[in-house]
Structure formats: C-alpha cells, structure tokens
Amino acid sequence: MKGSILLLGLGMLTACTSVTGINSRQDGHFSVTSRARWDIVSWNRVRTAGIKEAQAYCHKRKKEMHAVEVHSEGLRGVTNQTVEVVFDCI
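At the far end of the sequence shown sits residue 90, using full-length UniProt numbering, and the numbering has no gaps.
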C-alpha cells in the first residue's frame, strides 16, 4: 500500500513539469528546456527535471553531463517558470 502511494506521488510530481527534447546549439553545446505546468511547482523541481533529462541523454552515450549554464525565467505563482540547461557530454 505504501509503495502504491509513493508511486502515485512520484507520478504526480513528474506530471508537474514538461521537458523539451535535447537541442544541439551552434556553439557546440546541447540544451534542454523544462517548464512548470502549474504555478505551484518550485523552481528547484523545474531545474531538476531539466538536469535529469540532460544526465539521461549523456548516460545513453556513456558519458557524463557537465552543466555549462543554467538560465531561469518566471516567478512562482505569477508567471510560468522555465529553466534552460546548457550542457556538454564529456
């Protein structure tokens, strides 16, 4: 029962953010953008979703993710929160 509740909670938290596909930039870095779907989602959760997507991308290539820049926009409860993670796989 506790496991089911935990899985339900994790599923709900995952549904709180959307993450774009990985984009290759002209400067040679990669980028991914994550957005909050609801105003109640914290900036940290939005940032973490983007970083995890970047890590998974690099892990599939048997490399490690190195964050170059992390940009954020928006105010919790006022405007949509967006985080762009610029990274390399090394």
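Note that the Cβ used here is the ideal one computed from N, Cα and C, for glycine as well. Every value quoted in this text rests on a predicted model; they were computed, and no experiment measured them.
Inset, instruction - Would you identify the three-state DSSP class for E64, choosing helix, strand or coil? - result: In the structure shown, E64 sits in coil (DSSP, three-state: anything other than H, G, I, E or B).
Legend entry - Top-ranked residue by Cα proximity to V32, from V41, W43, T20 and K52: The shortest C-alpha to C-alpha distance from V32 to any of V41, W43, T20 and K52 is the one to T20.
Legend entry - Alpha carbon of V86 to alpha carbon of S18, nearest angstrom: If I take the Cα positions, the gap works out to 17 Å.
Inset, instruction - For the beta strand (DSSP E) containing D88, list its first residue and its last residue. - result: Unbroken beta strand (DSSP E) run through D88: T82 to C89.
Legend entry - Where H29 sits in the DSSP three-state scheme: Residue state for H29 is assigned as coil, using DSSP reduced to three classes.
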